[in-house]
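Everything on this sheet refers to the single structure shown next.
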Amino acid sequence: MPSSLFQYEMLPTTWFYLSSLMIIAIFFKFNRFWSIRNLDLIGLVFITPGLLFLAMNHNKWGYLWLYACGFVLVIRLLLDLLMVRRPLLEPNLNPSGMTFACILILGFMLTNIAVNRGDTVQSVDTLRLEQILTIRSWNAEKDKEKKFSLAAQVPGFRPFLALSATANEILAPGRSLEKTIRRVKTNSSDSPEPVSLLLLLPEQTLPETAVPNSGPADTFISENVSVIDVPASSETFRPASFWLELAVILCVGISQIAVALGLIYIGHCHFNNFFTGISAATLYFLLPYTNQMTGRLDHVIPAALIVWGVGMYRRPLFSGMCFGLAGTLVYYPIFLVPLWCSFYWRRGMIRYLTGVVAVVFLFYGLLFFSPEKYGTYHEQFVNMLGFGTIFADAPGGLWEFYSPSYRIPMMAVFFVFCFGLIIWPSRKNLATLIACSVILLLGLQSWQTYQGGLYMAWYLPLLLLTFFRPNLEDRVAVATVIDF
0 MPSSLFQYEM
10 LPTTWFYLSS
20 LMIIAIFFKF
30 NRFWSIRNLD
40 LIGLVFITPG
50 LLFLAMNHNK
60 WGYLWLYACG
70 FVLVIRLLLD
80 LLMVRRPLLE
90 PNLNPSGMTF
100 ACILILGFML
110 TNIAVNRGDT
120 VQSVDTLRLE
130 QILTIRSWNA
140 EKDKEKKFSL
150 AAQVPGFRPF
160 LALSATANEI
170 LAPGRSLEKT
180 IRRVKTNSSD
190 SPEPVSLLLL
200 LPEQTLPETA
210 VPNSGPADTF
220 ISENVSVIDV
230 PASSETFRPA
240 SFWLELAVIL
250 CVGISQIAVA
260 LGLIYIGHCH
270 FNNFFTGISA
280 ATLYFLLPYT
290 NQMTGRLDHV
300 IPAALIVWGV
310 GMYRRPLFSG
320 MCFGLAGTLV
330 YYPIFLVPLW
340 CSFYWRRGMI
350 RYLTGVVAVV
360 FLFYGLLFFS
370 PEKYGTYHEQ
380 FVNMLGFGTI
390 FADAPGGLWE
400 FYSPSYRIPM
410 MAVFFVFCFG
420 LIIWPSRKNL
430 ATLIACSVIL
440 LLGLQSWQTY
450 QGGLYMAWYL
460 PLLLLTFFRP
470 NLEDRVAVAT
480 VIDF
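Just so you know, the sequence shown maps onto residues 0 to 483 in numbering that gives the first Met the number 0.
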């Protein structure tokens, strides 16, 4: 294959390692080695192997790793509820350098989305994890007994889920007239470096033998290479229009910027420290997950709504609208509502519930205008209520490898936490509210029916706020919620 077809971009595995080193260099406190901040950073870095397992098609070990990390994080957050003293540990960069790094990394991510997408992909080595997962889902869709499409597996507002699935198809290569992706493996230890994903143009076929070319970016197939699956459909697909691709890129960019601005706003207005907010935003963009799952709208849009729901906590009506919208779009964040009602119990609960209920009823009304291709009104109504999550026909993620019945104990433990955190701690401040929200969002991952454990954007921003937060004992609803 001619080397001109390839783009020389950073490999996903390279970014995994480089970002981990950058996180340690910028945020690790070398003069206080055993500080909580350092242990938190090490915990974040240890999430990376789970993503690497998934990228290398070791799905079972990848999801197990993510579940184990989630369990450790829950223990850390429960201990955080008992921590009162919070010394200020500033990063190793000054505010100007941190702001520059945040803007630069955000620009790198958005450029990667704009360039390395759809039919513009010219090197399979630069595929992001989100693209690899989308390609695998195409192969799973061929199994008539399984329904792996996003709109069928994830509860929530089906038009939004269909939009997210469309965005996944636009950003992932291979399902178009121009290109086909096939997965190959090398059986011989004597052959050169194995090829994990091979990009073939339509006029090319998979030869039994081939002689490697001398170009630095050339790939080849030896006689011991065999095809193990063909995710690309044999049907023909019309490439997405320029305006649709532009709309997807803009939607992804605005959502990621909204997450960053929300973190900065919380740091500046609620933590009284702009540097803390920009540090949390920079660390969020540095995480390998953010770089590898940048374009997943069903991840990042609920994340932005949850962050701004926390940012607007002093105005319960607007906070309730944010959480109601997040819970309507993807269902699962609706389980945060009882916890937040307990926080607003003495002041603001009625306004918070008004915001939640108003948004939910608005979207139930919008279902009357939803296209029939997403199902009948009753089917979409039931899907928004999440009735299909308990007895899913073919759950994905970890539950592909274990009996789905084991999800029932996970759900039981989750609901114990969901209602237990309403009672304890009895006096909730902003710090305990954020930590308890992360605990619930982590617990949701354990019984989620589609790629459970991988929806990390829902809790990562709040988790970073927990790591960076100061003492917030005085941020209680009675003292801070605004009357209007």
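Just so it is clear, CB atoms sit at the ideal spot from N, CA and C, and this is done for glycine as well.
Predicted model only: the values in this text are computed from it and were never measured.
Looking only at C-alpha atoms, which of the options sits nearest to residue i?
i: serine 369; options: Leu441, Phe156 and Val359; result: Phe156
i: arginine 345; options: Gly117, Asn58, Val480 and Gly374; result: Val480
i: phenylalanine 284; options: Thr431, Tyr264 and Leu260; result: Leu260
i: leucine 461; options: Phe414, Leu429, Gly452 and Val477; result: Leu429
i: asparagine 30; options: Gly364, Ile333, Asn91 and Gly49; result: Asn91
i: glutamate 244; options: Ala357, Ile169, Leu463 and Met292; result: Ile169
i: histidine 269; options: Tyr331, Ile300 and Phe467; result: Phe467
i: valine 359; options: Gly96, Glu472, Val329 and Val120; result: Val329
i: glycine 276; options: Leu77, Pro94, Trp60 and Phe70; result: Pro94
i: glutamate 371; options: Tyr62, Pro158 and Leu76; result: Pro158
i: lysine 296; options: Ser425, Arg116, Leu132 and Ala164; result: A quick correction: the sequence has leucine, not lysine, at residue 296. The shortest Cα separation from leucine 296 among Ser425, Arg116, Leu132 and Ala164 belongs to Ala164.
i: methionine 124; options: Trp33, Pro408, Pro172 and Asn167; result: Position check: residue 124 holds aspartate in this sequence, whereas methionine was assumed. Ranking Trp33, Pro408, Pro172 and Asn167 by Cα distance to aspartate 124 puts Pro172 first.
i: histidine 57; options: Arg135, Leu38, Trp14 and Ser404; result: Arg135
i: tyrosine 61; options: Leu463, Gly395 and Phe413; result: Sequence inspection shows glycine at residue 61; the tyrosine mentioned does not correspond to that position. Comparing Cα-Cα distances from glycine 61 to each of Leu463, Gly395 and Phe413, the minimum goes to Gly395.
i: valine 355; options: Ala325, Cys101 and Tyr373; result: Ala325
i: leucine 109; options: Gln444, Gly452, Ile248 and Tyr16; result: Ile248
i: glutamate 399; options: Thr448, Trp137, Thr281 and Arg314; result: Thr448
i: aspartate 473; options: Phe99, Ser240, Asn271 and Phe15; result: Asn271
i: tryptophan 339; options: Phe70, Pro315 and Leu361; result: Pro315
i: tyrosine 351; options: Phe70, Ile333, Thr133 and Ile74; result: Ile333
i: glycine 452; options: Phe70, Leu262, Ile349 and Gly117; result: Phe70
i: leucine 72; options: Thr388, Pro469 and Leu38; result: Leu38
i: phenylalanine 241; options: Ser402, Asp118 and Asn470; result: Asp118
i: tyrosine 331; options: Trp14, Pro403 and Gly387; result: Gly387
Excluding the five sequence neighbours on either side, which residues of its own chain have a C-beta within less than 8 Å of the C-beta of residue i, listed in chain order?
i: alanine 257; result: Ala303, Val306 and Trp307
i: serine 19; result: Val44, Thr47 and Pro287
i: proline 337; result: Cys417, Phe418 and Ile421
i: methionine 311; result: Phe317, Ser318 and Cys321
i: leucine 128; result: Pro11, Leu50, Leu53, Ala54, Gln291 and Met292
i: tyrosine 363; result: Phe380 and Met383
i: histidine 298; result: Met292, Tyr454, Met455, Ala456 and Trp457
i: threonine 133; result: Asn167, Glu168, Leu170 and Ala171
i: cysteine 101; result: Ala259, Ile277, Ala280, Thr281 and Phe284
i: alanine 500; result: The question about residue 500 has no answer here: the residues shown for the chain are numbered 0 through 483.
Quick check on DSSP: helix, strand or coil for residue i?
i: valine 120; result: coil
i: valine 153; result: coil
i: asparagine 428; result: strand
i: valine 306; result: helix
i: leucine 198; result: Low local confidence applies: a pLDDT of 39 at leucine 198 is under 50, so the model's placement there is unreliable, with the coordinate-based value given in what follows. If DSSP states are grouped into helix, strand and coil, leucine 198 belongs with the strands.
i: valine 488; result: Nothing about residue 488 can be reported from this structure: the residues present for the chain run from 0 to 483 only.
By Cβ distance, which residues of its chain are closer than 7 Å to residue i, with the 5 residues on each side in sequence left out?
i: phenylalanine 416; result: Ile438, Leu439 and Gly442
i: methionine 410; result: Trp446
i: leucine 335; result: Phe322, Ser436 and Leu439
i: alanine 476; result: Phe342, Tyr343, Arg345, Arg346 and Gly347
i: alanine 434; result: Leu76, Asp79, Leu80 and Thr465
So, for residue i: in the same chain, excluding its five sequence neighbours on each side, which residues have a beta-carbon less than 6 Å away from its beta-carbon?
i: lysine 498; result: Past the boundaries of the shown model lies residue 498; the chain is included only from 0 to 483, so the question cannot be answered.
i: phenylalanine 26; result: Leu40 and Pro90
i: leucine 432; result: Phe342
i: isoleucine 300; result: Ser254
i: glutamine 130; result: Ala171
i: glycine 294; result: Ile112, Glu129, Leu170 and Val251
i: asparagine 115; result: Thr125
i: phenylalanine 413; result: Gly442
i: serine 213; result: The pLDDT assigned to serine 213 is 36, lower than 50, so where the model puts this residue is not dependable; a value taken from the coordinates is nonetheless given after this. Nothing meets the Cβ criterion.
Using a Cβ cut-off of 8 Å (strictly closer), state whether residue i contacts chain C.
i: arginine 474; result: The chain labelled as chain C is not found in the depicted structure, where only one protein chain is given.
Answer yes or no: the CB of residue i versus the heavy atoms of the ligand HEM, is any distance below 7 Å?
i: valine 415; result: The ligand HEM is not among the ligands present in this structure, which contains no ligands whatsoever.
Taking one C-beta from the stretch 448-456 and one from the stretch 79-87 each time, how about it: are there three or more such pairs within less than 8 Å?
no
Specify whether the stretch 311-323 and the stretch 66-83 touch according to this definition: at least 3 beta carbon pairs, one from each stretch, less than 8 Å apart.
no
Return the chain-ordered ranges of every alpha helix (DSSP H) run that is complete within the stretch 46-124 and spans a minimum of 4 residues.
47-54, 58-79 and 94-114
Taking 8 Å as the threshold, find out whether the stretch 248-256 comes into contact with the stretch 96-113 through three or more Cβ pairs.
yes
Counting Cβ pairs closer than 8 Å, one from the stretch 153-168 and one from the stretch 375-390, do we hit at least three?
yes
If you scan the stretch 236-298 from start to end, which runs of the alpha helix (DSSP H) of 4 or more residues do you find wholly inside it?
241-268, 273-285 and 287-291
Where are the alpha helix (DSSP H) runs, 4 residues long or more, that stay fully inside the stretch 429-460, in chain order?
429-446
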